[in-house]
Amino acid sequence: HVSRRTYFRKGQSHKQAPTPPYDARDAAYDFRSDTVTVPTTTMFEAMREATLGDDMFEEDRTTNEFEEFIADFAGYESAVFVASGTMGNQLALRTHLTQPPYSVLLDARSHIYNYESGGLAHHSGAHVTPVHPSNTIHLTCKDVMNNIIVSDDIHYAQTRVVALENTLDGMLFPLSEIANISTVAREYNIKMHLDGARLWNACAETGDNVRDYAKHFDSISLCFSKGLGAPMGSVLVGNKDFIKKARHFKKVFGGGWRQSGPIAAAAKYAFEANYPIRLRETHKLARQLASELSQCGVLITKPVHTNMIWIDISPLGITSSVLQSELAKEKIRIFDSDETNLRLIVHYQIAPDALSKFVNIVRKLAKV
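Under the UniProt record's numbering, the sequence shown is numbered contiguously, ending at residue 368.
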């Protein structure tokens, strides 16, 4: 007999909300990502109330209503709920790219280009044109114009999609510049896609409405498992025909799911509970942490527009592995993927004393 693992305690009914195996304390000192947040008790309650229809048959009311809600909120005709931001991006690009040869222009630092396992090449067979922004923060209209491929010369794969990302590395992409790029793309009948994994952060910071982006993009992928704090899930928005085709590719990609209601309910709850106020709070904390680290001699290598801080600790004479080891003594977690350059992310479940503990350790190492 093999016992099945369960999170229900003895005497607890299956009709009760399960006891979370983790709680916010696990994320309270974790600066690795805003994906480390964990579901709260009230989120579990929302999940328990969800319907349990079959999403492949489009019969789950909770999921359907969530898709309709987000489509309307973002200013689009339709939407499809998917497992991840990567899936949302890859579905969008595969749906837009209808007849090869074709290419996609994007930021050389973008998630689509660097962190989606070569999905654009694998799923869509697309050539890519990675562009380094001339201002080091975001692509400009001039950057795009200098790199799009519109020639009918048979030696080239024409640009069929411009894929942007906002925020990227936590930095804001001005809506005015997006509008300029969109104008150029429309002139050449080029589709526009936005990786909006952290668009919620951009809108929370600037006061822009997500609908303001709809006029410039044919599709947007919106993530709920980063700053908003859902356990998983993204929504891809677009017009009805686009989403109908994207659903087909969702099945091709193995992304069909059945009783998706509880996950959709968690995403809806995360949105309603944390957007925009709690995101703004994380931005404020990120700027505070950046300021205090700077006073310790740490270099802040990119503008802190939202909840990300990029630092260089080489002036302290230590490596990231040393810093990671010292922080771990206080249960603080960071990535140490580079010798001296690090990314820190603040999320809404960071503990009130996490920042001071972090800074005190850096101050001690810096002998300030």
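Glycine residues also receive a C-beta, built at the ideal position from the N, C-alpha and C atoms.
Original post:
How many angstroms separate the CA atom of isoleucine 70 from the CA atom of valine 237?
Top reply: For the purposes of this step, residue 70 is identified with residue 70 of the sequence shown, where counting begins at 1. For the purposes of this step, residue 237 is identified with residue 237 of the sequence shown, where counting begins at 1. Cα to Cα, isoleucine 70 sits roughly 8 Å from valine 237.
**OP:** Helix, strand or coil for cysteine 223, going by three-state DSSP, please let me know.
**Re:** Numbered from its first residue, the sequence shown carries residue 223 at position 223. It is a strand residue.
Original post:
According to DSSP, what are the bridge partners of alanine 163?
Top reply: Translated into the one-based positions of the sequence shown, residue 163 becomes position 163. Bridge partners of alanine 163: Leu106 and His193.
**OP:** Write down the C-beta distance between serine 103 and arginine 160 rounded to the nearest angstrom, noting that I regard them as a contact closer than 8 Å.
**Re:** Working through the sequence shown from its first residue, we reach residue 103 at position 103. Working through the sequence shown from its first residue, we reach residue 160 at position 160. The pair is a contact, with the Cβ atoms about 7 Å apart (cut-off 8 Å).
Subject >> Nearest-angstrom beta carbon gap, valine 36 and residue 372 [assumed within contact, 8 Å] >> reply: Beyond the ends of the chain as shown, which are 1 and 368, falls residue 372; an answer cannot be given.
**OP:** Determine the burial state of arginine 211: buried for a count of at least 16 other Cβ atoms within 10 Å of its Cβ, exposed for fewer.
**Re:** Mapped onto the sequence shown, residue 211 falls at position 211. The residue is exposed, with fewer than 16 neighbouring Cβ atoms inside 10 Å.
Subject >> arginine 25, buried or exposed, once every other Cβ within 10 Å from all chains shown has been counted against 16 >> reply: For the purposes of this step, residue 25 is taken as residue 25 along the sequence shown, with counting starting at 1. With fewer than 16 Cβ atoms within 10 Å of its Cβ, arginine 25 is classed as exposed.
Subject >> C-beta contact flag for isoleucine 345 and phenylalanine 31 at 8 Å >> reply: Counting from 1 along the sequence shown, the entry for residue 345 is found at position 345. Counting from 1 along the sequence shown, the entry for residue 31 is found at position 31. In this structure, phenylalanine 31 lies closer than 8 Å to isoleucine 345 by Cβ.
Original post:
Exposed or buried, which one is serine 117 when buried takes at least 16 other CB atoms within 10 Å?
Top reply: Mapped onto the sequence shown, residue 117 falls at position 117. Serine 117 is exposed by the Cβ-count criterion.
Original post:
Measuring CA to CA, which of Ile243, Ser225, Glu281 and Lys284 is closest to alanine 267?
Top reply: Counting from one through the sequence shown, the residue named residue 267 turns up at place 267. If we check each option's Cα against that of alanine 267, Ser225 comes out closest.
**OP:** Would you list the one or two residues that DSSP bridges to glycine 328?
**Re:** For the purposes of this step, residue 328 is taken as the residue at position 328 of the sequence shown. According to the sequence as given, residue 328 is alanine; it is not glycine. The partner list for alanine 328 (beta bridge, DSSP) is empty, contrary to what the question assumes.
Original post:
Under a Cβ-count criterion, where at least 16 other Cβ atoms within 10 Å of its own Cβ denotes burial, should glutamine 90 be classed as buried or exposed?
Top reply: By one-based count along the sequence shown, residue 90 stands at place 90. Glutamine 90 comes out buried.
**OP:** Determine contact between the segment 95-112 and the segment 274-289, defined as no fewer than three beta-carbon pairs at a distance below 8 Å.
**Re:** no
Original post:
So, are the CB atoms of residue 369 and lysine 191 less than 8 Å apart?
Top reply: Residue 369 is absent from the structure shown; the chain starts at 1 and stops at 368.
Original post:
Is the Cβ-Cβ distance between asparagine 239 and aspartate 34 less than 8 Å?
Top reply: Along the sequence shown, read from residue 1 onward, the residue named residue 239 stands at position 239. Along the sequence shown, read from residue 1 onward, the residue named residue 34 stands at position 34. No, they are not a contact pair.
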